[in-house]
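Asks: Handing you this structure, nothing more for now.
Residue numbers (the working numbering): 24 to 395.
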């Protein structure tokens, strides 16, 4: 008769290794082992003692008891992340990836809740986070805009990520003013300053912070860089929305009425996708006849042929920054994260790079990140 096998215990089910076990293996007291593992300064313990404790912790698989530590320090090493539709939106999910990476590096856990922008669900989310005694809250938005958030007890740090709020000064936003200037400069460096059309002007979005907290800054950077070099746009084509169909219709009409356009500056990549299609239906080519620069770095931008040169929204870097600001108690105010340039093939390049009759630029040349 074959004896029944003893079920193998899962590692998680094993008895938890305690600080006393580590101390016993290292031949020290529990208080000494605790001071070493917590990195407490001025312990006056020898290098050999430090080595023995860390070796013992590694050999035994010791993990700190977070619950016990939170009772001592009044900190739970947890962060609440509340968003509208960030988690389910491919384009903005980098906000969460960046936050998770920074939290893990700092030994913290992130609780993520998504509300769909519903005020009742937002209030429930805040209560759920407070019940778990999070050390701070991050409120994130898919689109950079002014948002309302539920009341949070005083003493709970709050960071607005890709969003602003009148009651919470700490926010993390893309540096749209510098990004706008960089996009213009990419075209000016190729001698196209007197032949650029701006595609996607939207005064409603530009002046309504509930719809966008950053587009006004993007336009400021665009206009400042053009004026600094003595140029103005051939046209500024308005668009009620920034979708491929709008870019297609606007570009088709533009090319039918004038033949002096040598560059398009599109307010986002989706407008640029439509412009690509409109140009493909003519005898013109990108970038030989028309250069295109844009904003956002949507995933499709790298799959176009030629690839679309665009100024990226730095979502992952912003998510990282939000956690770092939260954990370091940075002074109140907005933190602007640089927008990197993704240089691809949609801008014609000259051997020489005349910019303007105005020799004094006001903005530093962007550092390009070339993408194949």
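Backbone N, C-alpha and C fix where the C-beta goes; we use that ideal spot for every residue, glycine too. These numbers come from a predicted model, not from an experiment.
For residue 398, list the residues DSSP reports as bridge partners.
Replies: Beyond the ends of the chain as shown, which are 24 and 395, falls residue 398; an answer cannot be given.
Asks: Does DSSP classify residue 54 as helix, strand or coil?
Replies: Counted from its first residue, the chain shown places residue 54 at position 31. Reduced to three states, the DSSP call for residue 54 is helix.
Asks: Which residues does DSSP pair with residue 317 in a beta bridge?
Replies: Here the question's residue 317 lines up with position 294 in the chain shown. Bridge partners of residue 317: 333.
Asks: Can you name, in chain order, every residue of its own chain whose Cβ lies under 6 Å from the Cβ of residue 287, other than the five neighbours on each side?
Replies: Translated into the one-based positions of the chain shown, residue 287 becomes position 264. Excluding positions up to five away in sequence, the list reads 220, 222, 298, 315.
Asks: Per DSSP, what kind of secondary structure is residue 275 in: helix, strand or coil?
Replies: In the chain shown, residue 275 corresponds to position 252, counting from 1. Helix, per DSSP.
Asks: From residue 172 to residue 158, what does the alpha carbon distance come to, in whole angstroms?
Replies: In the chain shown, residue 172 corresponds to position 149, counting from 1. In the chain shown, residue 158 corresponds to position 135, counting from 1. Computed Cα separation, rounded: 18 Å.
Asks: How long is the line joining the alpha carbons of residue 127 and residue 84, rounded to whole angstroms?
Replies: Taking the chain shown and counting its residues from 1, one reaches residue 127 at position 104. Taking the chain shown and counting its residues from 1, one reaches residue 84 at position 61. Answer to the nearest angstrom: the Cα atoms are 18 Å apart.
Asks: So, helix, strand or coil for residue 81, using DSSP?
Replies: On the chain shown, position 58 is the one that residue 81 refers to. DSSP places residue 81 in helix when its eight states are reduced to three.
Asks: Under a three-way DSSP split, which group does residue 304 fall into?
Replies: Counting from one through the chain shown, the residue named residue 304 turns up at place 281. It is coil, neither helix nor strand.
Asks: Locate the beta strand (DSSP E) running through residue 286, then write down its first and last residues.
Replies: For this step, residue 286 is matched to residue 263 along the chain shown. Unbroken beta strand (DSSP E) run through residue 286: 286 to 289.
Asks: Measuring only the C-alpha atoms, how far is residue 330 from residue 295?
Replies: Reading the chain shown from its first residue, position 307 is the one you call residue 330. Reading the chain shown from its first residue, position 272 is the one you call residue 295. For residue 330 and residue 295, the distance between alpha carbons rounds to 11 Å.
Asks: So the candidates are 50, 177, 102, 45; which of them puts its Cα closest to the Cα of residue 82?
Replies: Indexing the chain shown from 1 puts residue 82 at position 59. When only C-alpha atoms are compared, the closest one is 45.
Asks: How many Å lie between residue 290 and residue 301 at the Cα?
Replies: Within the chain shown, residue 290 is the residue found at index 267, counting from 1. Within the chain shown, residue 301 is the residue found at index 278, counting from 1. Going from the Cα of residue 290 to the Cα of residue 301 covers about 17 Å.
Asks: For a test of the three-state rule: what should DSSP assign to residue 263, helix, strand or coil?
Replies: What you label residue 263 is simply residue 240 of the chain shown in a count that begins at 1. Coil at residue 263, not helix or strand.
Asks: For residue 108 and residue 165, what's the separation of their Cα atoms in angstroms?
Replies: Here residue 108 refers to the residue found at position 85 when the chain shown is read from its first residue. Here residue 165 refers to the residue found at position 142 when the chain shown is read from its first residue. Each residue's Cα considered, the two are about 6 Å apart.
Asks: Three-state secondary structure (DSSP) at residue 147?
Replies: If you number the chain shown from 1, residue 147 lands on position 124. Helix at residue 147.
Asks: Between residue 313 and residue 249, what straight-line distance do the alpha-carbon atoms span, to the nearest angstrom?
Replies: As a first step, residue 313 is located in the chain shown; it is residue number 290 there, counting from the start. As a first step, residue 249 is located in the chain shown; it is residue number 226 there, counting from the start. Going from the Cα of residue 313 to the Cα of residue 249 covers about 18 Å.
Asks: Measuring straight from C-alpha to C-alpha, what distance separates residue 41 and residue 112?
Replies: Against the chain shown, residue 41 aligns to sequence position 18. Against the chain shown, residue 112 aligns to sequence position 89. Whole-angstrom Cα-Cα distance: 42 Å.
Asks: If you draw a straight line from the C-alpha of residue 75 to the C-alpha of residue 100, how long is it?
Replies: Looking up residue 75 in the chain shown gives position 52. Looking up residue 100 in the chain shown gives position 77. Their Cα atoms are separated by approximately 27 Å.
Asks: Report the three-state DSSP secondary structure of residue 223 (helix, strand or coil).
Replies: Residue numbering aside, residue 223 sits at position 200 when the chain shown is read from its first letter. Here residue 223 sits in strand by DSSP.
Asks: For residue 321, collect the residues of the same chain with a Cβ closer than 6 Å to its Cβ; drop the 5 residues on either side in sequence, then sort them by chain order.
Replies: As a working note, residue 321 is residue 298 in the chain shown. Excluding residues within five positions, the ones whose Cβ falls inside 6 Å are 292.
Asks: Taking DSSP as the reference, what is the three-state secondary structure of residue 197?
Replies: Counted from its first residue, the chain shown places residue 197 at position 174. In the structure shown, residue 197 sits in a strand (DSSP, three-state: E or B).
Asks: If we call anything under 8 Å between Cβ atoms a contact, is residue 254 one with residue 161?
Replies: Residue numbering aside, residue 254 sits at position 231 when the chain shown is read from its first letter. Residue numbering aside, residue 161 sits at position 138 when the chain shown is read from its first letter. For residue 254 and residue 161, no; Cβs fall outside 8 Å.
Asks: Under the assumption that residue 213 contacts residue 367 (Cβ atoms under 8 Å), give the Cβ distance between them as a whole number of angstroms.
Replies: To locate residue 213, count along the chain shown from 1; it is residue 190. To locate residue 367, count along the chain shown from 1; it is residue 344. Wrong, their Cβ atoms sit about 14 Å apart, outside the cutoff.
Asks: To the nearest angstrom, how far is the alpha carbon of residue 68 from that of residue 50?
Replies: Here the question's residue 68 lines up with position 45 in the chain shown. Here the question's residue 50 lines up with position 27 in the chain shown. Going by the C-alpha atoms only, they are around 13 Å apart.
Asks: Mapping the DSSP letters down to three states, classify residue 74 as helix, strand or coil.
Replies: Counted from its first residue, the chain shown places residue 74 at position 51. The answer is helix: DSSP assigns residue 74 an H, G or I state.
Asks: For residue 317, which option in 347, 131, 364 has the closest C-alpha, if you only look at C-alpha atoms?
Replies: For this step, residue 317 is matched to residue 294 along the chain shown. Closest by alpha carbon: 364.
Asks: When you compare the region 189 to 207 with the region 335 to 348, are there three or more beta-carbon pairs, one atom per stretch, that lie closer than 8 Å?
Replies: As far as the Cβ criterion goes, the region 189 to 207 touches the region 335 to 348, which means the pair count is three or higher.
Asks: Report the three-state DSSP secondary structure of residue 363 (helix, strand or coil).
Replies: To locate residue 363, count along the chain shown from 1; it is residue 340. Residue 363 falls in the coil class under three-state DSSP.
Asks: On the DSSP letters alone, give me the boundaries of the alpha helix (DSSP H) that residue 351 sits inside.
Replies: Here residue 351 corresponds to residue number 328 of the chain shown, with the count starting at 1. Start and end: 338 to 351.
Asks: What distance in whole Å lies between the Cβ atoms of residue 80 and residue 60, which are believed to be in contact at a cut-off of 8 Å?
Replies: By one-based count along the chain shown, residue 60 stands at place 37. By one-based count along the chain shown, residue 80 stands at place 57. Indeed they touch by this definition, with Cβ atoms about 6 Å apart.
Asks: By alpha-carbon positions, which one of 230, 169, 150 ends up nearest to residue 5?
Replies: Any property of residue 5 remains undetermined from this structure, which presents the chain solely from 24 to 395.
Asks: Determine which residues share a DSSP beta bridge with residue 137 and list them.
Replies: For the purposes of this step, residue 137 is taken as residue 114 along the chain shown, with counting starting at 1. DSSP, once it has assigned bridges, lists 106 as partnering residue 137.
Asks: Could you give the first and the last residue of the continuous alpha helix (DSSP H) run that contains residue 12?
Replies: Past the edges of the chain, shown from 24 to 395, lies residue 12, and the structure says nothing about it.
Asks: What does the alpha-carbon distance come out to for the pair residue 275 and residue 345?
Replies: Here residue 275 refers to the residue found at position 252 of the chain shown. Here residue 345 refers to the residue found at position 322 of the chain shown. Those two C-alpha atoms are separated by around 42 Å.
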